[in-house]
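In the numbering used here, the protein residues as written are 66 to 384.
Below is one structure, written out as structure tokens; comments come after it.
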């Protein structure tokens, strides 16, 4: 007679060995890295005070993901060759920010979107692994039946460090995110805002108060001098570095509100290049704005605005 108890006692060790042997294959026979495989904690020996950051000035490729991926990969490789270790793409660059296209339907949006485990994202995971860098990629995320404007932070191991879903000014068809996370990297703590989020001071302040030292801003809307002034203010009032990536603009700003790298001329800053054309594919513009930042020196000399805050006063509100 069959005895379940005797079977378990006799074959349990063999079953466990078989299970452990199969676990590596649960990540997929294609070799893709699943979104459930969160990046391993950063070991103290891997931490660095200095590192190159890059804003990709990546023209939109509307509605052609394969072409967009090829361009993203080329730009990331060039940024890496210049020393970039944290690379930021523009907002929803996989579909080319197609959300405002006339006649667009939700079905079309969903067809261009993909999940965190989709083939386009998997290709970028492998690229981050190959180049040993962090890649913040903007894409239209399809999560079940839900559609989000998302920025995914991929680590040098190809795994998900974290993701942020746009929380304000969300375009047609997208749902709003409801979280403002901060992520630990080899170079420090990183927060993310997407496009319109930067126009609300509370977002950057919340991230900085949670420990963010560097804020990444994938964008695809407003740009130019008013945008520069706004982002410089966000950095100064919160004491953070910031990287802004846009199809026609790229900025790196320090905690003092100074533009330390740009693809355009910034009056009084002495950095950047003259603007070129107004076309979508603006030939001649730098493909990436790359600059090394020193978070270690910033930590040692930090005397920013946050230390003067009186949170208990603000929580009482105006009376």
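Note that CB positions come from ideal geometry on N, CA and C, so glycine has one too.
So what does residue i bridge to, in DSSP terms?
i	result
residue 249	254
residue 116	358
residue 314	311
residue 280	256, 307
residue 324	318
residue 353	121
residue 149	117
Once DSSP output is grouped into helix, strand and coil, what is the label at residue i?
i	result
residue 268	helix
residue 339	Its pLDDT being 33, under 50, residue 339 is placed unreliably by the model, and the measurement read from it follows with that caveat. Reduced to three states, the DSSP call for residue 339 is coil.
residue 382	coil
residue 144	helix
residue 334	With a pLDDT of 44 at residue 334, under the threshold of 50, the modelled position of this residue cannot be trusted; read the value that follows with caution. Coil.
residue 275	coil
residue 159	coil
residue 123	coil
residue 363	helix
residue 93	The pLDDT assigned to residue 93 is 36, lower than 50, so where the model puts this residue is not dependable, and the model offers no usable value.
residue 287	coil
If you compare alpha carbons, which of the options is closest to residue i?
i	options	result
residue 173	222, 238, 148	238
residue 241	354, 214, 280	214
residue 143	171, 362, 156, 353	353
residue 325	106, 248, 170, 117	117
residue 374	328, 303, 366	303
residue 224	256, 107, 157	107
residue 257	151, 208, 114	151
residue 160	146, 275, 135, 139	135
residue 133	277, 308, 163	163
residue 200	262, 267, 281	281
Exercise. Which runs of the alpha helix (DSSP H) spanning at least 4 residues fall entirely within the stretch 165–251, listed in chain order?
Worked result: The alpha helix (DSSP H) runs of length 4 or more contained entirely in the stretch 165–251 are, from start to end of the chain, 171–177, 184–196.
Problem set entry | Contact between the stretch 227–245 and the stretch 305–320 (3+ Cβ pairs under 8 angstroms) | no
For this session: Give a yes or no on contact between the stretch 287–297 and the stretch 179–189, applying the rule of three or more CB pairs nearer than 8 angstroms.
Result: no
Exercise. Is it a yes or a no for the stretch 221–231 touching the stretch 126–137, going by three-plus beta-carbon pairs under 8 angstroms?
Worked result: Too few Cβ pairs lie closer than 8 angstroms, so no.
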